[in-house]
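One structure is given below, encoded as structure tokens.
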Amino acid sequence: MTRDASDLTSMAFMKMPTLFSSFMRLTMLLLYQVAMPIALGKSLTITQALVRFGPAFAFPMVLISFLRYRTKTTEKALEAQHSAQNAMVQHVKMAIANFEIVRDYRKRGATIEQFEEKIRAFNGRFASTAAINVNNNKFAAWCTLGLTSIWIQIGGMQVASGTLALGEFLNYLSIFAALGAMWGQVYSLLLSIQAAFASLETICRYMNGDVEDEARMFTSTSNRRHCHAAMMEVEKEALEGDPADLIPIKFDALHFRYKDQGGIGAELKPSTAILPQGGLYVLVGPPSQGKRTILKLLGDVLLPPCPGVAKVDSEGSGALMIPGHLRVIHVSKDPLFVEGSLLTNLTYGVQNGSSDGSLERVVAICRRLLLSDTLMQMLTKDFSTSWKTILSSTDQALLHIARALIANPDVLCIHKPTLFLNEKMGDLVYEILQEYVLNRGLEMDSNPYAFHTRRPRTVIVTARRVAGTGAKVADIVFNVSSELGMMAINKQ
Numbered sequence: 005m006t007r008d009a010s011d012l013t014s015m016a017f018m019k020m021p022t023l024f025s026s027f028m029r030l031t032m033l034l035l036y037q038v039a040m041p042i043a044l045g046k047s048l049t050i051t052q053a054l055v056r057f058g059p060a061f062a063f064p065m066v067l068i069s070f071l072r073y074r075t076k077t078t079e080k081a082l083e084a085q086h087s088a089q090n091a092m093v094q095h096v097k098m099a100i101a102n103f104e105i106v107r108d109y110r111k112r113g114a115t116i117e118q119f120e121e122k123i124r125a126f127n128g129r130f131a132s133t134a135a136i137n138v139n140n141n142k143f144a145a146w147c148t149l150g151l152t153s154i155w156i157q158i159g160g161m162q163v164a165s166g167t168l169a170l171g172e173f174l175n176y177l178s179i180f181a182a183l184g185a186m187w188g189q190v191y192s193l194l195l196s197i198q199a200a201f202a203s204l205e206t207i208c209r210y211m212n213g214d215v216e217d218e219a220r221m222f223t224s225t226s227n228r229r230h231c232h233a234a235m236m237e238v239e240k241e242a243l244e245g246d247p248a249d250l251i252p253i254k255f256d257a258l259h260f261r262y263k264d265q266g267g268i269g270a271e272l273k274p275s276t277a278i279l280p281q282g283g284l285y286v287l288v289g290p291p292s293q294g295k296r297t298i299l300k301l302l303g304d305v306l307l308p309p310c311p312g313v314a315k316v317d318s319e320g321s322g323a324l325m326i327p328g329h330l331r332v333i334h335v336s337k338d339p340l341f342v343e344g345s346l347l348t349n350l351t352y353g354v355q356n357g358s359s360d361g362s363l364e365r366v367v368a369i370c371r372r373l374l375l376s377d378t379l380m381q382m383l384t385k386d387f388s389t390s391w392k393t394i395l396s397s398t399d400q401a402l403l404h405i406a407r408a409l410i411a412n413p414d415v416l417c418i419h420k421p422t423l424f425l426n427e428k429m430g431d432l433v434y435e436i437l438q439e440y441v442l443n444r445g446l447e448m449d450s451n452p453y454a455f456h457t458r459r460p461r462t463v464i465v466t467a468r469r470v471a472g473t474g475a476k477v478a479d480i481v482f483n484v485s486s487e488l489g490m491m492a493i494n495k496q
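Next up, the structure:
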């Protein structure tokens, strides 16, 4: 789309002044043809006027007719060329992003062959487009030659019959040659503008695609309405502190399923649950029952059901109420890293202007998670990518968790935080998550006043079994199943 915007500007908008200039020159030539007989004191019959001015109006009629006839062909060829070019770029991007699996399964050769196929496809599309452009560009010259030849025959007959002076004939001939050149220039400009139609159509398609604005507005309005009602209730009970801290996260008979998936994907049966702020909650249950779906709903990755709103990927009923003032971060199970140094990655989720990303706090949290000395030394180094090459699976998992804790959200949703860790490290992570909840943050100011000025911290994680450490330290354990939905259970 970046290239499309550039093409639209360079091939369309920037050509408009030149096009206007060409039209002005054409207008002056036409006025000269009208003014010359009047200056010589000659009267023109309709037939003489057609002979003198016919070619001037025949040029645009023929050229515009040809442009209209070739528009669809040219646009389709350009769209096919752009698609083939995009396919090459996307293939390279895919190969880079998935290099590890390409390397592990020894698919380097196959990946290169696929790229060569993309190149051949692009070359074929480019050759077709080039042939169409050559024919389009040459048509103006052919048209000028053909119309001038016709006029020479008709004008020559009038010179022979004495109705047209030889000097006037030669003058008109030079004017028509100039008109042909001018209309050829206008035609070339119109061709250039026409070449931008494919880019314009692409931009319009992206700008007018389906968006979630209506669904998000519905969700936001519904959430604010529920939170306002809850605020009115808790204000009566709040003796001290901010009443907003007493508004819970609430599942109100929430029923969620993916739309148009043919039954694929977990379906969350109608579930009612209340999660007070300032707690550690663990979701357990059999595989593929909807635990990750719940975290995505909480983390705003998926939108809850929006009755009456068409452009959403879900359907169902009920409501999910999350206090709007809470900052929620969703952390997937797979460790991910962005370009930049190790410190840049660890402070990626820190809000602008916040002191949560201070080097002292980052170092303290990393030490709590027992990161290796080598990684600790890299925190002060400005390596962009080299630090990634030495990471073990455990290092990646711990950095993944450290980044979430450094971000210091009000609600932290983590999918299987101990998946890549041994039992000892898993126990340590749950101990740290529990401290994060109890102290309203990790490695924060321990002053009692500072503690009460911070909002409660809520952590929601998924786990594989009830007997694990996560379920033991949790305030509430919820079992998620396709038959009963989300239900609180006895963690004993």
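Read in order, the letters of the sequence shown correspond to residues 5 to 496 in the numbering used here.
No residue lacks a Cβ here, since even glycine has one placed at the ideal position from N, Cα and C.
Who are the Cβ neighbours of residue i in its own chain at under 6 Å, not counting the five residues just before and after it?
| i | result |
| --- | --- |
| Arg331 | Pro413 and Asp414 |
| Ser485 | Gly289 and Gln293 |
| Val463 | Leu284, Leu416, Leu437 and Val441 |
| Asp399 | none |
| Ala91 | Lys122 |
| Ala234 | Ile251 |
| Gly303 | Val332, His334 and Cys417 |
What does a CB cutoff of less than 7 Å around residue i pick up in its chain, not counting 5 residues either side in sequence?
| i | result |
| --- | --- |
| Gly445 | Asn412, Arg458 and Arg461 |
| Arg407 | Asn349, Leu350, Tyr352 and Gly353 |
| Pro327 | Cys231, Ala248 and Ile251 |
| Gly489 | Leu272, Lys273, Pro274 and Ser275 |
| Ala145 | Gly188 |
| Arg74 | Asn140 |
| Phe130 | Gln85 |
| Leu299 | His334, Cys417, His419, Ile464 and Thr466 |
Ordered along the chain, which non-local residues of its own chain (more than five positions away) have a Cβ less than 8 Å from that of residue i?
| i | result |
| --- | --- |
| Val96 | Phe119 |
| Asp256 | His230, Thr276, Gly322, Ala323, Leu324 and Met325 |
| Glu435 | Val477 |
| Leu177 | Thr152, Trp155, Ile156 and Gly159 |
| Glu487 | Lys273 |
| Phe63 | Cys147, Thr148, Leu151, Leu183, Gly184 and Trp187 |
| Leu383 | Leu346, Leu347, Leu350, Leu363, Val366, Val367 and Cys370 |
| Trp391 | Ser345, Leu346, Leu379, Met382 and Lys385 |
Quickly, what does DSSP pair residue i with across the bridge? List them, please.
| i | result |
| --- | --- |
| Asp256 | Ala323 |
| Gly489 | Ser485 |
| Leu403 | Answer by DSSP bridge pairing: none, since Leu403 is not bridged. |
| Arg261 | Glu319 |
| Ile278 | Lys254 |
| Val441 | According to DSSP, which records beta bridges pairwise, Val441 is partnered with nothing at all. |
| Leu446 | According to DSSP, Leu446 bridges with nothing at all. |
| Leu272 | Phe260 |
| Val465 | Val286 and Ile418 |
| Ile480 | Tyr285 |
Would you identify the three-state DSSP class for residue i, choosing helix, strand or coil?
| i | result |
| --- | --- |
| Tyr109 | coil |
| Ala125 | helix |
| Lys295 | helix |
| Thr384 | coil |
| Cys310 | coil |
| Tyr73 | helix |
| Val238 | helix |
| Leu287 | strand |
| Thr31 | helix |
| Val96 | helix |
| Lys80 | helix |
| Thr6 | Low confidence applies to Thr6: its pLDDT is 49, below 50, so where it sits in the model is not reliable enough to give any reading. |
| Leu302 | helix |
| Lys420 | coil |
| Leu67 | helix |
| Leu425 | coil |
| Gly245 | coil |
| Arg220 | helix |
For the ligand HEM, is there a heavy atom less than 8 Å away from the beta-carbon of residue i?
| i | result |
| --- | --- |
| Tyr73 | In terms of ligand content, the structure shown is empty, and the ligand HEM therefore cannot be addressed. |
- Take every Cβ of the region 253-262, pair it with every Cβ of the region 419-432, and state whether three or more of those distances are shorter than 8 Å. no
- Item | Completely contained beta strand (DSSP E) runs for the region 127-215, where each covers 3 or more residues | none
- Item | Cβ contact (3+ pairs, closer than 8 Å) linking the region 468-482 and the region 273-290 | yes
- Identify every run of the beta strand (DSSP E) within the region 324-397, keeping only runs that are complete inside it and at least 3 residues long; order them along the chain. 332-335
- Task: Evaluate contact between the region 297-310 and the region 390-399, counting only Cβ atoms and requiring at least three cross-stretch pairs below 8 Å.
- Result: no
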